[in-house]
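Asker: Pasting a structure below so you can have a look.
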Amino acid sequence: MTKTLKLLIVVALAFSMSSTGLGLAFRSRPVSTIASASSVAAPAVEEEDEGLEVEPNSPGADWLINQRTGRHGTISANAYRRALQQSVRAEQRTIDNAPELAAAEWSLMGPTNIGGRVNDVAVDPILADTVYAATAGGGVWKSTDAGINWSYSWPDDITQTMGAIATAPDGTLYAGTGESNPGGGSITYGGTGIYRSRDHGETWQFIGLPQSGAFGRIMVDPLNPQRVLAAAAGNLYKRGGQRGLFLSEDGGDTWNRVLAPENDTTGAVDIALDEQNPNNILVAMWDHHRLPSHRVYTGTGSGVWRSTDGGLTWTEIPLAHGLADADVGRIGVAFAPSSPSRAYAIVASKPDGTGVGLFRSDDGGASFTKTAASVSSLSQSSYGWWFGRLYVDPDTADRLWITGLNLQRSTDGGASASSVSGPHSDQHAMAWDPKVANRVYLGNDGGMYTSATDGNAWTHAVKEGWTQSYSVDVGELTPGHVVTGLQDNGCIKNWSATASGIDKWTSFGCGDGLETLINPTHEQTLYACSQYGGCSVGADGLPLGVPMTFTSPRKGWWTPIIFDPADSLTMYFGGNTVERSLNGGVAWTAISPDLTRNETQLDPNSGYRIRHVITAIARSASDASTMWAGTDDGLVWKTTNLVGASPTWTQIQSSALPDTQWVTRVTVDPTDVDTVYVTYSGYRNGEDGAHVFKTTDAGTTWTDISGDLPDAPANDLVVVGDRLIVATDVGVFVSDGDGEWFKLGSNLPAVPVIEMRYHQPTNTLTLATFGHGVQRTTLPF
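Taken in order, the sequence shown gives residues 756 to 1536; the numbers are from the working numbering.
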């Protein structure tokens, strides 16, 4: 949720300089001095392109982002694309050698009645009532009934993380992969380039820019459908790549970079195009970089650039109002379609994310003046870099819409703004239907909304299956009882969780829904955690009534909490210490010292200093004295006297274990206390392994059993008899433990699987996927 800062700063700066009334010297840059204007041909989809952009982005606490980068390096540029290709090859190998595993069918358990984050929206210019949604984790979706019901319209086997989508006047669709909203706990990877569909989303073709990382906006010239502009934001963690504004004049077959960034951490994040004169272009550039220790979402590369000759030459619009260049963050820009002399910009500012300004131009973007709209009325909180979009009513230049926590509307040209009630929070995209008067679509963290009254009232979609699930638990006594925690959509439950009960989900608390649990012996008792250890316990059918108070001074975005295998009233929790409750979570006591490296917290916003916490805990089912723990800074610990009042902990030190940032799971074999598995998520420079390690001597020696797993983070591991099942960012895989892995099922999209729950009585495996909801299969072994 820490993304708005940069957007608001850049816009404020860009427009405040023009409002001073001084004769400022504008800096001009011709294309030839910006870049070599090299043509980027579209390689074959099968190629393993060097420089694949892996941009894990998320709102709130950078949880998924942090999981996927190493302490000493950045995410490998080509790792994600290669992992997707490896997953496809693993599927074929499974079909050939273990057909029973390939034949496993995943069933969507829902929810499809709640929604999830939508980053962009595009209306089909030819087909009536047809609209497309680019989702943060579930690919592209299509509605043919004006936004009420949505169907999946994207390939299963490529990245599901979308940043931008646009339609050309001839109906061609362009989709940019990779989300440009970097922040807290929601998105995983960035993208693998830009794709095109000429049949209204039925099939897609890769058309280039594989090193773009993420896209902030794609726009098509309304007078020339072959002319396409793409704002490549770049990889959040890795410098360089294909950043800046790219132009294609042949419908995406080739691309030229017409506006390059001033440094290797800056990319283009937004585009405004004068519909009456498409040669008049505004582009917002954003200098942003995420380090393992903190975010830098402002910088000297941020700013607004203008071209009046279709992108041949560019002029930087100066920024002022007392903001230093280094304080400028993300910027959003927009022209008024009915009066293109009117333009607007919003700027996120200040390194801690607390600044924002709204600016207005009445000379076609040549200069801007800061408006009187207050910071509070712009609804950006302390993360303007999470939003960064502006929309102007097609019929009225003074009617402006501002994305933010709430949807904000100005009817006086930006002088003031107020919230519009009705939609879910965290707004990201709007689009008017040119064929139907007053119809407008809205995408936010709650999914898709449609208004037939030009935004005065909103109707939520009925069917939208791109929910982002963090966690899942299944009733041990009743497997039809399922709970899951959703990104920005709370904790929900379904007591009829079957394929036919797909929409019977109801809320039982939380903000961002993280860990969710059903008491294994008393299924009417539910546990739910919001971000940063905001956990409560309650009875089914009643609100969560008892908040849990922990002793750890630091608690992560997703705090692990588990039941003791022998006693469901005994529970364990991980903050920066391990804590224990003997009364079902009512009271907690620390039973370990600080198990993390406890290094200085460096983020400029103190609200997001949540590094150095415990991320995994596991109690042995066969030995009540043994427990393990892992941390986000690469440490693994165990105790063998858990039963005592003050357990002693030993750090596992082995050169065989990777020094990566994040331990995602520790799993103790349910029948053998000495056999333990540790999974890691995170790439070091030049190291793209899946990181699954096994010990059979309680941690003295370790074996890397990653074998032929795709080079993607491993998020969870369960032991089923003599088989291991691993959940990764590109699917679920099964092994006998010898390093040879087969893909489980062939109908699960290449979506990150965050958590699994095996139910032994029914031999079923249930998944929490970060973009395709809760999925379940019956195991074929």
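We put the CB at the ideal spot given by N, CA and C, even for glycine.
Please list, in chain order, all residues of the same chain as Gly-971 whose beta carbon is under 7 Å from its beta carbon, the five residues on each side excluded.
Answerer: In the sequence shown, the residue the question calls residue 971 occupies position 216. Here the set comprises Gly-918, Ala-919, Ser-935, Ala-986, Ala-988, Ala-1023, Val-1024 and Asp-1025.
Asker: What do you get for Leu-1357, buried or exposed, if any count of 16 or more other CB atoms within 10 angstroms of its CB means buried?
Answerer: One-based indexing of the sequence shown puts residue 1357 at position 602. It counts as exposed.
Asker: Rounding to the nearest angstrom, what Cα-Cα distance links Ala-1103 and Pro-977 in this structure?
Answerer: Walking along the sequence shown from the start, residue 1103 turns up at place 348. Walking along the sequence shown from the start, residue 977 turns up at place 222. When rounded, the distance between both Cα atoms is 29 Å.
Asker: Enumerated in chain order, which unbroken segments of the beta strand (DSSP E) with a length of 3 residues or greater are wholly contained in the segment 1483 to 1531?
Answerer: List check, beta strand (DSSP E) in window: 1486 to 1490, 1496 to 1498, 1508 to 1514 and 1519 to 1524.
Asker: Taking all protein chains shown into account, decide if Pro-1468 is buried (16 or more other Cβ within 10 angstroms of its Cβ) or exposed.
Answerer: As a first step, residue 1468 must be located in the sequence shown, where it is residue number 713. Result: buried.
Asker: Using the rule of at least 16 other Cβ atoms within 10 Å of the residue's Cβ for burial, across every protein chain shown, is Ser-1255 buried or exposed?
Answerer: For this step, residue 1255 is matched to residue 500 along the sequence shown. Label assigned to Ser-1255: exposed.
Asker: Could you tell me the boundaries of the beta strand (DSSP E) in which Asp-1319 lies?
Answerer: What you label residue 1319 is simply residue 564 of the sequence shown in a count that begins at 1. Taken as a continuous stretch (DSSP letters only), the beta strand (DSSP E) holding Asp-1319 covers 1316 to 1319.
Asker: Report yes if the C-beta of Ser-1057 is less than 7 Å from at least one heavy atom of the ligand SAM; otherwise report no.
Answerer: This structure lacks the ligand SAM; in fact it carries no ligand of any kind.
Asker: So which of Asp-1427, Trp-1404, Ser-1436 and Ser-967 has the shortest CA-CA distance to Leu-1412?
Answerer: Stepping through the sequence shown from its first residue, residue 1412 is reached at position 657. Cα-wise, what sits closest to Leu-1412 is Ser-1436.
Asker: Across the segment 1040 to 1049 and the segment 1093 to 1102, are there enough close Cβ pairs to call them in contact, namely three or more that are closer than 8 Å?
Answerer: no
Asker: Would you mind reading off the limits of the alpha helix (DSSP H) that contains Ala-921?
Answerer: On the sequence shown, residue 921 is found 166 positions in, with the first residue counted as 1. No alpha helix (DSSP H) holds Ala-921; the beta strand (DSSP E) holding it covers 917 to 922.
Asker: Who are Glu-1334's beta bridge partners in DSSP?
Answerer: Translated into the one-based positions of the sequence shown, residue 1334 becomes position 579. Its beta-bridge partners are Phe-1328 and Ala-1345.
Asker: Taking the C-alpha atoms as reference points, what is the distance between Ser-1347 and Trp-1392?
Answerer: Start at 1 with the first residue of the sequence shown, and residue 1347 comes out as number 592. Start at 1 with the first residue of the sequence shown, and residue 1392 comes out as number 637. So the two alpha carbons sit approximately 10 Å from each other.
Asker: So, do the segment 1180 to 1194 and the segment 1122 to 1132 have three or more beta carbon pairs nearer to each other than 8 Å?
Answerer: The segment 1180 to 1194 vs the segment 1122 to 1132: no contact.
Asker: Just to confirm before moving on: does the CB-CB distance between Gly-1006 and Gln-981 stay below 8 Å?
Answerer: Position 251 of the sequence shown holds residue 1006. Position 226 of the sequence shown holds residue 981. It is a contact, given that the beta carbons lie within the stated cut-off.
Asker: What number of angstroms, rounded off, separates the C-alpha of Asp-1378 from the C-alpha of Gly-1330?
Answerer: Numbered from its first residue, the sequence shown carries residue 1378 at position 623. Numbered from its first residue, the sequence shown carries residue 1330 at position 575. Straight-line spacing of the CA atoms in Asp-1378 and Gly-1330 works out to 24 Å.
Asker: For the putative contact between Thr-1532 and Ala-845, defined by C-beta atoms under 8 Å, what is the C-beta separation to the nearest angstrom?
Answerer: Position 777 of the sequence shown, counted from the start, is the residue given in the question as residue 1532. Position 90 of the sequence shown, counted from the start, is the residue given in the question as residue 845. Actually they do not touch by this definition, with Cβ atoms about 17 Å apart.
Asker: Rounding to the nearest angstrom, what Cα-Cα distance links Gln-1534 and Pro-1507 in this structure?
Answerer: Taking the sequence shown and counting its residues from 1, one reaches residue 1534 at position 779. Taking the sequence shown and counting its residues from 1, one reaches residue 1507 at position 752. The sequence as given places Leu at residue 1534; Gln does not occur at that position. Near 20 Å, if we compare the C-alpha coordinates of Pro-1507 and Leu-1534.
Asker: Looking at C-alpha atoms only, which residue of Leu-1397, Glu-1278 and His-1367 is the closest neighbour of Ser-1336?
Answerer: For the purposes of this step, residue 1336 is taken as the residue at position 581 of the sequence shown. The shortest CA-to-CA distance from Ser-1336 to any of Leu-1397, Glu-1278 and His-1367 is the one to Leu-1397.
Asker: Pair every Cβ in the segment 856 to 873 with every Cβ in the segment 1493 to 1502, then say whether three or more of these pairs are closer than 8 Å.
Answerer: yes
Asker: With a threshold of 8 Å on Cβ separation, who are the neighbours of Val-1341 within its own chain once the five nearest residues in sequence on each side are excluded?
Answerer: To locate residue 1341, count along the sequence shown from 1; it is residue 586. Closer than 8 Å at the Cβ level, and outside the excluded window around Val-1341, lie Val-1292, Val-1301 and Met-1303.
Asker: Could you please give the first and the last residue of the uninterrupted beta strand (DSSP E) stretch that includes Glu-1354?
Answerer: The residue given as residue 1354 occupies position 599 in the sequence shown. For Glu-1354, no beta strand (DSSP E) encloses it, and the DSSP letter there is neither H nor E.
Asker: Classify His-1446 as buried or exposed, calling it buried when 16 or more other Cβ atoms lie within 10 Å of its own Cβ.
Answerer: For the purposes of this step, residue 1446 is taken as residue 691 along the sequence shown, with counting starting at 1. Per the 10 Å Cβ criterion, buried.
Asker: Quick one, are the C-beta atoms of Ile-1317 and Ile-1372 less than 8 Å apart?
Answerer: Within the sequence shown, numbered from 1, the residue matching residue 1317 stands at position 562. Within the sequence shown, numbered from 1, the residue matching residue 1372 stands at position 617. Closer than 8 Å, so yes.
Asker: When DSSP builds the beta bridges, which residues end up paired with Asp-1272?
Answerer: Mapped onto the sequence shown, residue 1272 falls at position 517. Reading off the sequence, residue 1272 comes out as Leu, not Asp. According to DSSP, Leu-1272 bridges with Tyr-1282.
Asker: Just confirm the distance between the C-beta atoms of Ser-1490 and Trp-1457, as a whole number of angstroms; I'd bet it's less than 8 Å.
Answerer: Numbered from 1 along the sequence shown, position 735 holds the residue referred to as residue 1490. Numbered from 1 along the sequence shown, position 702 holds the residue referred to as residue 1457. That belief does not hold up - the Cβ atoms of Ser-1490 and Trp-1457 are roughly 16 Å apart, past 8 Å.
Asker: Is there contact here, the segment 867 to 879 with the segment 922 to 932, by at least three beta-carbon pairs under 8 Å?
Answerer: yes
Asker: Alpha carbon to alpha carbon, how far is Gly-1066 from Asn-1011? Give it in angstroms, no decimals.
Answerer: Indexing the sequence shown from 1 puts residue 1011 at position 256. Indexing the sequence shown from 1 puts residue 1066 at position 311. Taking the straight line joining both Cα atoms gives about 10 Å.
Asker: For the segment 1147 to 1196, which segments carrying the beta strand (DSSP E) assignment without a break, of at least 3 residues, lie completely within its bounds, in sequence order?
Answerer: 1155 to 1157, 1162 to 1165, 1173 to 1175 and 1182 to 1187
Asker: Of the residues Thr-1434, Trp-905 and Thr-916, which one's Cα is nearest the Cα of Ala-969?
Answerer: Indexing the sequence shown from 1 puts residue 969 at position 214. It is Thr-916.
Asker: Can you tell me the Cα-Cα spacing of Val-1195 and Ser-1174, whole angstroms?
Answerer: Your numbering for residue 1195 matches position 440 in the sequence shown. Your numbering for residue 1174 matches position 419 in the sequence shown. Taking the straight line joining both Cα atoms gives about 17 Å.
Asker: Quick check on the DSSP output: the alpha helix (DSSP H) that includes Leu-1397 runs from which residue to which?
Answerer: Working through the sequence shown from its first residue, we reach residue 1397 at position 642. First-last for Leu-1397: undefined, no H or E at that position.
Asker: Can you tell me which residues form a DSSP beta bridge with Thr-1381?
Answerer: Within the sequence shown, residue 1381 is the residue found at index 626, counting from 1. For Thr-1381, which the question treats as bridged, DSSP gives no partner whatsoever.
Asker: Which whole-angstrom value is the C-beta distance of Gln-1286 and Asp-1267, which I expect to be below 8 Å?
Answerer: In the sequence shown, residue 1286 corresponds to position 531, counting from 1. In the sequence shown, residue 1267 corresponds to position 512, counting from 1. Indeed, because the Cβ distance is near 5 Å, the residues count as touching under 8 Å.
Asker: So does the segment 1508 to 1519 actually touch the segment 1218 to 1233, counting three or more Cβ pairs closer than 8 Å?
Answerer: yes
Asker: Straight-line CA distance for Leu-1272 to His-1179?
Answerer: Position 517 of the sequence shown, counting from 1, holds the residue named residue 1272. Position 424 of the sequence shown, counting from 1, holds the residue named residue 1179. So the alpha carbons of these two residues sit roughly 25 Å apart.
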